[in-house]
Every structure is written in structure tokens, then in C-alpha cells.
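Trainee: Just so you know, we're using UniProt numbering here: the sequence shown kicks off at 1 and counts up by one.
Backbone N, C-alpha and C define an ideal beta-carbon position, used for all residues, glycine too.
My structure is below; once you've seen it, I'll send some questions.
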Amino acid sequence: MGRSRKAISAFAGLTPEIKEALRASSVTVVQPVSSVAAVVDEPITLDYGIADEPDPSLFAPAQRPAKRRRTDEDNSSELDEAPSSKKPAHALSKGLIPSDATSLVPFYASEDDVPAHLQKYWCQRDRLFSRFSEGCLLDEEGWYSVTPERVANQIADRCACNVILDAFCGVGGNAIAFAQTCERVIAIDNSPTRLALARHNAKIYGVADRIEFILGDFLDFARSSAARKRGIDVVFLSPPWGGPSYLTSSPTKATAAAADYLDAGAHPEYSLSSILPIHGADLFKLARTLTPHVAYFLPRNTDPAEISGLVKDEPTGADGVEIEEEWMGNKLKALTCYFGGLATGQETLWQ
């Protein structure tokens, strides 16, 4: 497109600890500067030409692989015993898988070490990662945004394919689940800390070798020629909802009174306009330029009319949406919206 290209440092502006964690993690670093990207080992160039319309070939019938969940027997790595119940906040037990990511965030082995505002989430740690005691790490945002493992596994079973793109991978909850049902996972996040933590956690589950970790912005990546060269079958969207207070439809932290109101089950409708970093409808349209098969993870109080409206004007023919409620016990946690061949009754799009 006639653009100038220049070499840049993949690690410009990052702290020494994060630089070292990324170097040890074989992470691809995407920088939207003069259409340049760099890989940890050697620089490459990406063309960030914007594709406003979907490629018609993306909507051609595709062969979907048979569903299969990998088990520990498929993995060569072995894990040692879990940490004891009482350890300093920054210490991991002897025998855990070593990773430079351990210097980035504390590992909370005891409730006494956990900050008050995170204790609610720490008490659910084994629901977030069943192997948490083996050294799983989360940053503050990860504690309240990671998908509970049982829910992630359910979504992964529905999204089984050859190549899946996790557009906002965070600390790796969904990417780890996808690596057990898909042949390859592309995991993107714009936080070097969370990306390093995602790989650390994937190593604990023995699936890091099936995940390509990319440090960058999904919006830039999706518009690049590199995205179209990866043969993406499914895009999973779990964008930021606006923090723990999303149920109040307010950008500020929920008050105690609001929290009681929400615990009682009442909450206002959530609009796709609150999705970050762009309007949720625009984010969906961008994902559909890569593949018709999209899974969209949304707050439980999202306006159903907005969800169905995402495919109202789609040029791909009879294309509906299936909305699946994700429950943990007697609590509705979120909605997963399946489009394209992922929706029940539209499996022929894979054949």
C-alpha cells in the first residue's frame, strides 16, 4: 500500500521483569506503529490494511473436526505436588513449574495474604482454575474477569475447530480450555503482564505448546493481512465489560447498596455500547470479517434485542444466533452467543 516501514523495538517501554517474561515465553509482539510488528526472536512486517467487507470465501462450507477433549495423557509435562496451605504471598511451593511470570504478580496461598477487595474472588479460586494450587497466577483484572473453568470448558466444547482466535485472552482461562478441544489457539491481549500470566497458566495445564500468544490489539490484528493468513475458523470475543460494576451500567465502582441490589438478582439492561474498546456491535462486525463462526461472551443482563440485532442485516443468508446461559450452581454468570455454524440448527455451515 506504499507505506513506509521501519524496525522498532518489540519491548519498548516495558519493565525489565515483563521483558524477561515475554522473552522466555515465545510471545509474538504486535505494535501498531507504521504498520510494523515484531516477534521476540526476529522482526516481521504486517500490512494493516483495513478490510471493511467480509471475504466471501470465509463463508464457504467448511469441514469441522470431530469434538475431542484432550486429557493429561496427551501431555508430556508432569506436575509435582500442590503448594501447602500457608505460604508468603509472593512464594510458590517447591517443585512447581518454574516461570519468569512468578515475579509479575503475587501468588495468594492463604486468605490472610489476599487484599480485602479480592477475597470474594480468591474464595472461588478453584472454580476459576481447578489447578490453582499448582501455581496459577492472576493479576487484579484477571481475578474478576477470567471465565470460570467449568464455563470455559463448556464454551470450548461448543467451539471445537482447527484454529480458534481468543481475541481478549486475559490470564488464559478460555485459551487453556480451547487448547483442549481445538488443534491450535491464537491468544491475543494488549497487556504484557496478562499475556505472560496466560502462558504461565497454560504451562501448568500442559497446553502452552498449542497456543500462539500475541501481544497486541485485536482491532489492529483483525485488520491485518497476518490474521487472514492464519486460517481462523472461530473467533471468541470476551471483551472488557467495564469492570466489576458493569451490572450497574455505570463506569464507576458499584456502591455497597448497589451490590446488595445486584445480589438480589435485579439489574438494569447492559448495552453493547458499554463494551470496550469499541461498541460491541462494531467489534462483532470486525470479527465477522475473519470468519462467520463467532462466539460472543456477554454479561447476563445484556439486552437480547441488541444481540439478535447483530445478525439482522447480515449478507450471509439465513443466519441466526443461539444464546446460551452460563450457570454456576443457582447463579447465572453470563451469556454465550453463538453465530454461524456454532449455533444449534446451523451446523450445515460446517459441512
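Please state whether DSSP places Leu283 in a helix, a strand or coil.
Mentor: Position 283 of the sequence shown holds residue 283. DSSP places Leu283 in helix when its eight states are reduced to three.
Trainee: For my contact list, Gly170 and Val146 are in at a C-beta cut-off of 8 angstroms; report their separation, rounded to the angstrom.
Mentor: If you number the sequence shown from 1, residue 170 lands on position 170. If you number the sequence shown from 1, residue 146 lands on position 146. Between Val146 and Gly170 the Cβ distance is about 6 angstroms, and since that is below 8 angstroms, they are a contact.
Trainee: With burial defined as no fewer than 16 other Cβ atoms inside 10 Å of the residue's Cβ, what is the status of Pro268: buried or exposed?
Mentor: Translated into positions along the sequence shown, residue 268 becomes position 268. Classification of Pro268: exposed, given that the 10 Å Cβ count is below 16.
Trainee: Could you give the residue range of the alpha helix (DSSP H) that holds Tyr144?
Mentor: On the sequence shown, residue 144 is found 144 positions in, with the first residue counted as 1. First-last of the alpha helix (DSSP H) with Tyr144: Glu140 to Ser145.
Trainee: Between Cys161 and Cys136, is the Cβ-Cβ spacing less than 8 angstroms?
Mentor: Position 161 of the sequence shown, counting from 1, holds the residue named residue 161. Position 136 of the sequence shown, counting from 1, holds the residue named residue 136. Not a contact, by the Cβ cut-off of 8 angstroms.
Trainee: Which residue spans inside the stretch 174-208 form an unbroken beta strand (DSSP E) run of at least 3?
Mentor: Secondary structure in the stretch 174-208: the beta strand (DSSP E) runs of 3 residues or longer, each lying completely within the stretch, are 184-189 in chain order.
Trainee: Can you list, in chain order, the residues of its chain whose CB lies under 8 angstroms from that of Leu342, leaving out five sequence neighbours each side?
Mentor: Mapped onto the sequence shown, residue 342 falls at position 342. Arg158, Cys159, Val234, His293, Val294, Ala295 and Glu322, listed in sequence order.
Trainee: For Trp350, which residues does DSSP report across the bridge?
Mentor: Start at 1 with the first residue of the sequence shown, and residue 350 comes out as number 350. Answer is none; Trp350 lacks a bridge partner.
Trainee: Kindly indicate which three-state DSSP category Thr302 falls into: helix, strand or coil?
Mentor: The residue labelled residue 302 in the question sits at position 302 within the sequence shown. In the structure shown, Thr302 sits in a strand (DSSP, three-state: E or B).
Trainee: Can Gly173 and Ala196 be called in contact, C-beta distance under 8 angstroms?
Mentor: For this step, residue 173 is matched to residue 173 along the sequence shown. For this step, residue 196 is matched to residue 196 along the sequence shown. Cβ distance not < 8 angstroms, so Gly173 and Ala196 don't count as in contact.
Trainee: If we count the other Cβ atoms within 10 Å of its Cβ and call it buried at 16 or more, is Lys312 buried or exposed?
Mentor: Along the sequence shown, one-based indexing puts residue 312 at 312. Under this definition Lys312 is an exposed residue.
Trainee: Work out the CA separation of Ser308 and Pro54 for me, nearest whole Å.
Mentor: On the sequence shown, position 54 is the one that residue 54 refers to. On the sequence shown, position 308 is the one that residue 308 refers to. Confidence at Pro54 is low in this model, with a pLDDT of 43, below 50, so the placement of that residue should be treated as unreliable; the coordinate-derived value is given next. Taking the straight line from one Cα to the other gives about 19 angstroms.
Trainee: Can a CB atom of chain D be found closer than 8 angstroms to the CB of Arg131?
Mentor: Reference to chain D is not applicable here, since this structure consists of a single protein chain.
Trainee: Name the two residues that bound the continuous alpha helix (DSSP H) containing Leu237.
Mentor: Counting from one through the sequence shown, the residue named residue 237 turns up at place 237. Residue range Val234 to Leu237 is occupied by the beta strand (DSSP E) that includes Leu237, with no alpha helix (DSSP H) assigned at that position.
Trainee: Between Ala287, Ser238 and Ile204, which lies nearest to Ile176 when the distance is taken from Cα to Cα?
Mentor: For the purposes of this step, residue 176 is identified with residue 176 of the sequence shown, where counting begins at 1. Of Ala287, Ser238 and Ile204, the residue nearest in Cα terms is Ile204.
Trainee: Can you tell which of Arg194, Pro299 and Arg223 has its C-alpha closest to the C-alpha of Trp241?
Mentor: By 1-based counting over the sequence shown, the position of residue 241 is 241. Selection Arg194, Pro299 and Arg223 evaluated against Trp241 yields Pro299 as nearest (Cα-Cα).
Trainee: Less than 8 angstroms between the C-beta atoms of Ser130 and Glu111, yes or no?
Mentor: Numbered from its first residue, the sequence shown carries residue 130 at position 130. Numbered from its first residue, the sequence shown carries residue 111 at position 111. The answer is no: Cβ separation not under 8 angstroms.
Trainee: Ends of the beta strand (DSSP E) at Phe213?
Mentor: Counted from its first residue, the sequence shown places residue 213 at position 213. Membership of Phe213 in the beta strand (DSSP E) is indicated by the continuous run Ile211 to Leu215.
Trainee: Apply the 10 Å Cβ neighbour rule to Gly340 and answer buried if 16 or more other Cβ atoms are within range, or exposed otherwise.
Mentor: Mapped onto the sequence shown, residue 340 falls at position 340. Classification of Gly340: buried, given that the 10 Å Cβ count is 16 or more.
Trainee: Across which residues does DSSP place Thr336 in a beta bridge pair?
Mentor: Numbered from its first residue, the sequence shown carries residue 336 at position 336. Partner(s): Phe297 and Glu324.
Trainee: Please go through the same chain and pick out, in chain order, the residues whose beta-carbon is closer than 7 angstroms to the beta-carbon of Ala227, but skip the five residues on each side of it.
Mentor: Residue 227 sits at position 227 when you count from the first residue of the sequence shown. Counting only Cβ-Cβ distances below 7 angstroms, and skipping sequence neighbours, we find Phe221 and Leu290.
Trainee: Assuming Arg164 is part of the beta strand (DSSP E), what are its boundary residues?
Mentor: On the sequence shown, residue 164 is found 164 positions in, with the first residue counted as 1. What sits at residue 164 in the sequence shown is Ile, not Arg. Residues Val163 to Asp166.
Trainee: Taking buried to mean at least 16 other C-beta atoms within 10 Å of its own C-beta, is Thr348 buried or exposed?
Mentor: For the purposes of this step, residue 348 is identified with residue 348 of the sequence shown, where counting begins at 1. By the Cβ-count criterion, Thr348 is exposed, with fewer than 16 other Cβ atoms from all chains shown falling within 10 Å of its own Cβ.
Trainee: By a C-beta neighbour count over all protein chains shown, 10 Å radius and 16 as the cutoff for buried, is Thr336 buried or exposed?
Mentor: Here residue 336 corresponds to residue number 336 of the sequence shown, with the count starting at 1. When all chains shown are included, Thr336 counts as buried.
Trainee: In angstroms with no decimal places, state the Cα-to-Cα distance between Ala334 and Leu237.
Mentor: On the sequence shown, residue 334 is found 334 positions in, with the first residue counted as 1. On the sequence shown, residue 237 is found 237 positions in, with the first residue counted as 1. Distance between the alpha carbons of Ala334 and Leu237 is about 13 angstroms.
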